[in-house]
Amino acid sequence: MGNALTYLGYFFVSIGAIFLFLGALGIFRMPDVYTRIQAGTKASTLGAMSLLLGVAFMEPDWWIKLVAMILFIAFSNPLSSHAIARGSYKNKLKPFSQEDIDAYEEVKEKMEEKE
Amino acid sequence: MKNKSLKWGRFLYTWLMLMVVWYAFTVSLAAAEIITGLIVTGIIAALNFTSFTCCGLRLFHPKRVLYLIQYAFVFIVALIKANFQVAKIVLNPKLPVNPGIVKFKTSLKSDFAKMVLANSITLTPGTLTVDLVEDEFYIHWLKMTAKDEAGIYEAIAADFEKILIKIFDK
């Protein structure tokens, strides 16, 4: 039984490693900062979560702390990526868009008028 | 008087939650551990309960807990599906992205529910909440599949919002 759990752990850690690699590849390939946030922070959420889950299967004594870490990633990751995206927009980085769809522009113009 | 009882409820709720976390980390029923935990979490709860709670004990209603579990399942499925979609885009030699910032209106009322929705949208890859102005979400979308507001709402938020309304706004 312990052996089966270890192999399940290997499986999840491998999945995590693959997704973390894809996240890094995404950062390298994407055209602008927003799409890079998408690839970098998101592909790595499942990557990091499944990696920690795999470790939890391999070392069952640690699972509560590992679950706490998974939850921490789940809560902090969206906040930081949102903050980076909003900050980039406020610093006038134009999002790359083939069809030029940018609904946020109007809000930003309004804000600047107020200032 | 009614207000006071609500405050007590919120304080006890925070205390209970912190105690559960304390027990999860110590995993021991020794008297010294439990007493220390009760004192420490009690002080933290007394100082901070106003910022920890938004709805008192309301969220412990069994129906809400069931919906919360359902939400967790819906969310995990969406997370895995979206991760595979982004992985496919990254691995495709042509890099078929079609990004843009779109907006939609939410029908959620409470701030807490909006926060949960915004974080869920950000956590599912391919969509990223750029800003939230009153009840309008501005979403950076990696590969747009819809252009009208109803289609955007259907594709990004409909699944999450259906359950969140039942949890927080009823």
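Those sequence lines, one after another, are chains B and L.
What the first sequence shows, in our numbering, is residues 1041 to 1155, in sequence order.
What the second sequence shows, in our numbering, is residues 85 to 254, in sequence order.
For glycine and all other residues, C-beta sits at the position ideal for the given N, C-alpha and C.
- Nearest CB-CB separation between V181 (chain L) and chain B: below the 8 Å threshold.
- R148 (chain L) and I247 (chain L) have their C-alpha atoms roughly 10 Å apart.
- The three-state reading of DSSP puts T125 (chain L) in helix, counting H, G and I together.
- Ranked by Cα distance from T190 (chain L), the options L:N132, L:A241, L:L131 are led by L:A241.
- Chain order gives no chain B residues near A130 (chain L), where near means a beta carbon separation below 8 Å; the closest approach is about 23 Å.
- Closer than 8 Å to the CB of V214 (chain L) there is at least one CB belonging to chain B.
- At a Cβ-Cβ threshold of 8 Å, Q1078 (chain B) and L163 (chain L) do not count as neighbours.
- Distance from the CA of G93 (chain L) to the CA of K231 (chain L), rounded to the nearest whole angstrom, comes to 45 Å.
- The C-alpha of L1086 (chain B) lies about 33 Å from the C-alpha of G121 (chain L).
- Neighbourhood of P1100 (chain B) in chain L, by CB distance below 9 Å: empty, with the nearest CB roughly 12 Å away.
- Nearest to L102 (chain L) by alpha-carbon distance, out of L:G126, L:M228, L:G235, is L:G126.
- Between the region 198 to 209 of chain L and the region 1089 to 1100 of chain B, the count of C-beta pairs closer than 8 Å stays below three; the two stretches do not touch.
- In the structure shown, the three-state DSSP call for V181 (chain L) is coil.
- For K1132 (chain B), there are no neighbours in chain L by C-beta distance under 8 Å, as the nearest C-beta there is about 14 Å away.
- The CB of Y1047 (chain B) never comes closer than 7 Å to any CB in chain L; the least such distance is about 21 Å.
- Residues of the region 1072 to 1096 of chain B whose Cβ lies closer than 7 Å to any Cβ of chain L, in chain order: Y1074, T1075, I1077, Q1078, A1079, K1082, A1083, T1085, L1086.
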